[in-house]
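Undergrad: Take 2 as the starting number for the sequence shown in my numbering and just add one per residue. I am attaching a structure below and will ask some questions about it afterwards.
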Amino acid sequence: MEMTVSMKLLIDTRTKRVLFAEASKETVDFLFHILSLPVATVIRLLGKQGMVGSLANLYESIEKMNESYIQPNQTKDTLLKPIAPVGTSSVSLLLMDDVTTDRTFYRCGHNCTYRVSDDPSSICPQCNRKMTTVVQYVAPPEKQASTEGGFVKGVVTYMIMDNLVVKPMSTISSITLLNLFNVKEVGALQEKEVNLGMDEATKLLKASLQSEKVLTESSSLVSDVSTLFC
Ligand SMILES: [Zn+2]
2 MEMTVSMKLL IDTRTKRVLF AEASKETVDF LFHILSLPVA TVIRLLGKQG MVGSLANLYE
62 SIEKMNESYI QPNQTKDTLL KPIAPVGTSS VSLLLMDDVT TDRTFYRCGH NCTYRVSDDP
122 SSICPQCNRK MTTVVQYVAP PEKQASTEGG FVKGVVTYMI MDNLVVKPMS TISSITLLNL
182 FNVKEVGALQ EKEVNLGMDE ATKLLKASLQ SEKVLTESSS LVSDVSTLFC
């Protein structure tokens, strides 16, 4: 299933830049959750399109290193494919190929009390048997008002600036906005709804690491918007 997020861009066609975007809760959740992505995941996502800086070299060094130099209890994937933190469904846009694991716990088959492990090779200190019996994990009750999930509330439309400053839209008047952007020709403004799929989200992620014109740069690559930037 291809997940997408959308936003409505306000583009100044005269200066060829995105002034800001109006977005729903889902889009803001997606952006905020970028902060929870492991660095190795970011490198792997951007790998295809080139990564700035030298972190990609660290990644590649592990990839190339012969297993014989690595501790027997470690695997390369621990560092190269870290497990994304739980509760990040809205970044699933960027985590298509990642495994999210359920938490599994184990006890010994002897039912010794109060002993539980997260690794089935553990030995029960009470009866000395391997703790291989799966114990069912019980999630805490859902916190109230979290039925809509994600991070921010869906009560307002959010405003995303070109440099990814995010705030609730409702608190800003349109006159303040036009002054803020020093807009002299309202006629030069155009609204454009864009959908971001995996590809565009990756471009946005890349732009966010190296630019303060993230929306302008990543949306000039979206085909039906790019004509406005020519
Ligand atoms: Zn035991």
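Idealized CB from N, CA, C, for every residue including glycine. Every value quoted in this text rests on a predicted model; they were computed, and no experiment measured them.
(1) Buried or exposed for residue 140, going by 16 or more other Cβ atoms inside 10 Å?
(2) When the Cα atoms are used, what is the spatial distance from residue 53 to residue 115?
(3) In terms of alpha-carbon separation, which member of 40, 68, 160, 70 lies closest to residue 57?
(4) Could you check what DSSP says for residue 7 in three-state terms: helix, strand or coil?
(5) With a threshold of 7 Å on Cβ separation, who are the neighbours of residue 111 within its own chain once the five nearest residues in sequence on each side are excluded?
(6) CA-CA distance, residue 204 and residue 219?
(7) Between 35, 170, 105, which has its C-alpha nearest residue 157's C-alpha?
(8) Comparing C-alpha positions only, which one of 82, 51, 109 sits nearest to residue 64?
(9) Assign residue 52 to one of three DSSP states: helix, strand, or coil.
(10) With the cut-off set at 8 Å, would you say residue 167 and residue 29 are in Cβ contact?
(11) Per DSSP, which one or two residues make a beta bridge with residue 108?
(12) Drop a sphere of 10 angstroms on the beta-carbon of residue 45, count the other beta-carbons inside from all chains shown, and report buried for 16 or more, exposed for fewer.
(13) So, using beta-carbon positions, are residue 107 and residue 76 closer together than 8 Å?
(14) Straight-line CA distance for residue 121 to residue 38?
(15) Which residues have their C-beta within less than 5 Å of a heavy atom of ligand 1, listed in chain order?
(16) What span of residues does the alpha helix (DSSP H) with residue 82 cover, start to end?
(17) Extract the residue ranges of the alpha helix (DSSP H) inside the segment 14-75, only unbroken runs of 4 or more that lie entirely within it.
(18) Would you say the beta carbon of residue 122 comes nearer than 7 Å to a heavy atom of ligand 2?
(19) Looking at the structure shown, is residue 204 part of a helix, part of a strand, or coil, going by DSSP?
(20) Nearest-angstrom Cα distance between residue 193 and residue 55?
(21) What are the boundary residues of the alpha helix (DSSP H) that residue 176 is part of?
(22) Taking just the CA atoms, how far does residue 165 sit from residue 67?
(23) Excluding the 5 residues flanking residue 149 on each side, which residues of the same chain have their C-beta closer than 8 Å to its C-beta?
(24) Looking at the secondary structure, which residues open and close the beta strand (DSSP E) in which residue 195 lies?
TA: Result, derived from the coordinates:
(1) exposed
(2) 49 Å
(3) 40
(4) strand
(5) 125, 128, 130
(6) 6 Å
(7) 170
(8) 82
(9) coil
(10) yes
(11) 134
(12) buried
(13) no
(14) 28 Å
(15) 109, 111, 113, 125, 127, 128
(16) Segment: none, residue 82 is in no alpha helix (DSSP H) and carries neither H nor E.
(17) 26-34, 40-48, 56-65
(18) You won't find ligand 2 in this model; what it holds is ligand 1.
(19) helix
(20) 36 Å
(21) 175-181
(22) 41 Å
(23) 26, 155
(24) 190-197
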